[in-house]
Amino acid sequence: MTDISHDLQQRAAAVPADELLTRMGYRAIGPKARERLSRVLADPQLGLATPEYDFHFASRAFSEALCQALAMEPADYLPALDAIENP
Numbered sequence: 008m009t010d011i012s013h014d015l016q017q018r019a020a021a022v023p024a025d026e027l028l029t030r031m032g033y034r035a036i037g038p039k040a041r042e043r044l045s046r047v048l049a050d051p052q053l054g055l056a057t058p059e060y061d062f063h064f065a066s067r068a069f070s071e072a073l074c075q076a077l078a079m080e081p082a083d084y085l086p087a088l089d090a091i092e093n094p
């Protein structure tokens, strides 16, 4: 598991899923959004290895929005996401 993945899991555990998705910009939160959040948090690669789009976010944008919603600094998460995408 990557450090960023572990950090996101810990931070997300303190926030209800619907609140986190609202912070990410979702207005209508349904089971698909909750499933995607769970899947990304459980994935050491944060869903970046599998292209996905839910009419709100593509894979990279979803991970970035998740980091922002959990109050992470861009200087901390952008290089980590780049490293996952470009090993």
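The sequence shown begins at 8 in the numbering used here and counts up one residue at a time. Beta carbons: idealized from backbone N, C-alpha and C, even for Gly.
Start-to-end residues for the alpha helix (DSSP H) that takes in residue i
| i | result |
| --- | --- |
| Glu80 | From DSSP, Glu80 is part of no alpha helix (DSSP H); its letter is neither H nor E. |
| Ala40 | Pro38 to Ala49 |
Residue i in three-state terms, based on DSSP
| i | result |
| --- | --- |
| Ala72 | helix |
| Ala21 | coil |
| Ala65 | strand |
| Tyr84 | helix |
Contacting residues, own chain, Cβ-Cβ under 7 Å from residue i (five flanking each side not counted)
| i | result |
| --- | --- |
| Ser12 | Pro51 and Leu53 |
| Tyr33 | Ala40 and His63 |
Integer Cβ distance of residue i from residue j, believed to fall under 8 Å
| i | j | result |
| --- | --- | --- |
| Leu55 | Leu85 | Actually they are not in contact, since the Cβ atoms of Leu55 and Leu85 sit about 13 Å apart, beyond 8 Å. |
| Ser66 | Thr57 | 7 Å |
| Leu15 | Leu77 | 6 Å |
Selection from the options that minimises the alpha carbon distance to residue i
| i | options | result |
| --- | --- | --- |
| Arg17 | Pro94, Asp83, Ile36 and Ala49 | According to the sequence as given, residue 17 is Gln; it is not Arg. Cα-wise, what sits closest to Gln17 is Ala49. |
| Val47 | Asn93, Ala24, Phe62 and Gly32 | Ala24 |
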